[in-house]
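Take any residue in the sequence shown, count from 1 to its spot, add 12: that is its number in my numbering. First up is the structure itself, then whatever we jot down about it.
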Amino acid sequence: MKTGLVLEGGGMRGLYTIGVLDYFASYNIKFDYIIGVSAGACSGTSYVSEQPGRNYRVNTEYLSDKRYLSVSNFIKTGSLFGMDFIFDEIPNKIDLFDFDTFLKSDCEFVTGVTDVKTGKPVYFGKDVYENNDTTILRASSSIPVFSPPVKFRDGIYLDGGTSDPIPIRKAISDGCDKIIVVLTRDRNYIKSKESFRPIYKTILRKYPEMIKTLDIRDSVYNETRNFLFELEKQKKIIVLAPSVPPVADRFEKSVDKLKVIYELGKSDAADKIDEIIEYIK
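Structural data, given as structure tokens:
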């Protein structure tokens with residue numbers, strides 16, 4: 013049996029996922045396979061490196077620091093989030109990420125990104141993190157318009173959540189028999205068309221396939237959720253989603269609101285923990 017964990021993105025709404033994973037860690041729950049996009053991938057890395065609490069600190073203790081999230085970042089670098097600060101300085105100098113434990117773990121870890129030239133999802137394994145390289149994590153977290161594309165090896169990439177927002181099908185194709193999915197939107201949420209099409213159409217004019225991907229992002233997202241909810245009805249997977257709509261958005265800077273989402277993740281995980289343990293044991 014191969015157990016899998018699928019982690020949706022969502023920017024600062026990812027505090028929900030962090031709460032879920034920190035609760036899982038308290039039960040020492042292990043997975044054979046974890047796949048995440050954007051904030052989901054960020055949360056997953058610290059789970060594999062066995063550092064509960066780390067991602068909560070990273071996402072709350074530096075919000076008042078302009079290097080983390082600010083308009084000044086956007087003016088200087090084209091990204092609201094300070095990518096160098098988040099993906100280099102913090103993990104390598106401030107709140108150290110345990111690359112050694114992460115890389116030696118038996119857990120297969122997959123990060124999803126979007127190829128801006130094709131508009132299609134691309135997936136990378138754990139090996140790309142060798143030599144303390146977090147470039148692919150940065151790419152997966154680079155939200156179109158709010159962050160510039162990231163070059164990695166022979167490709168140019170953006171947010172993995174734009175092309176494969178909840179990579180359940182990838183987990184299935186990679187052989188997972190039992191899968192836990194963690195969402196960052198409540199069950200009643202329905203994604204609407206992107207409201208800033210004129211902006212991303214202009215900014216990404218060199219990448220017409222990426223524009224097409226953004227144009228259909230809502231339908232892909234909603235169809236994927238319908239698919240996984242159907243699998244849930246068939247008792248093939250377990251889905252964890254916020255029991256109430258998240259109080260924060262993806263650029264949230266209120267620590268109080270982020271703490272509410274984090275605690276909601278822990279609470280929702282606690283409500284399902286017996287079912288989850290029985291399912292994957």
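C-beta: ideal position from N, C-alpha, C; glycine also.
In the structure shown, E290 adopts helical secondary structure according to DSSP, grouped into three states.
Nearest to E120 by C-alpha distance, out of E101, K248, P258, K14, is K14.
According to the DSSP secondary-structure assignment, I250 is paired through a beta bridge with I192.
Three or more beta-carbon pairs drawn from the region 149–160 and the region 215–226 are found closer than 8 Å, and the two stretches are therefore classed as touching. T146 is not a Cβ neighbour of T225, given a cutoff of 8 Å. The closest CA to that of K132, considering only S153, I168, D189, Y59, is found on I168. Of the candidates G65, I192, M95, the residue whose Cα lies closest to the Cα of L252 is I192. Boundaries of the alpha helix (DSSP H) around T29: 27–38.
According to the DSSP assignment, Y141 belongs to no beta strand (DSSP E), since it is labelled neither H nor E. In this structure L149 is in contact with C54, their Cβ atoms being roughly 6 Å apart against a cut-off of 8 Å. Counted as a single uninterrupted DSSP element, the beta strand (DSSP E) harbouring E120 occupies residues 120–127.
The three-state reading of DSSP puts Y212 in helix, counting H, G and I together.
From the listed residues Y141, V134, S153, the smallest Cα separation to D166 is found for V134. Here the alpha carbon of V140 sits roughly 25 Å from the alpha carbon of L92. Of the candidates I223, N200, D198, I202, the residue whose Cα lies closest to the Cα of P210 is I223. Less than 8 Å separates the beta-carbon of V18 from that of I47. Annotation: the continuous beta strand (DSSP E) that includes Y45 extends over 45–49. Rounded to whole angstroms, the separation of the alpha carbons of D34 and K278 is 7 Å. Residue burial annotation: N143 is exposed, with fewer than 16 other C-beta atoms found within 10 angstroms of its C-beta.
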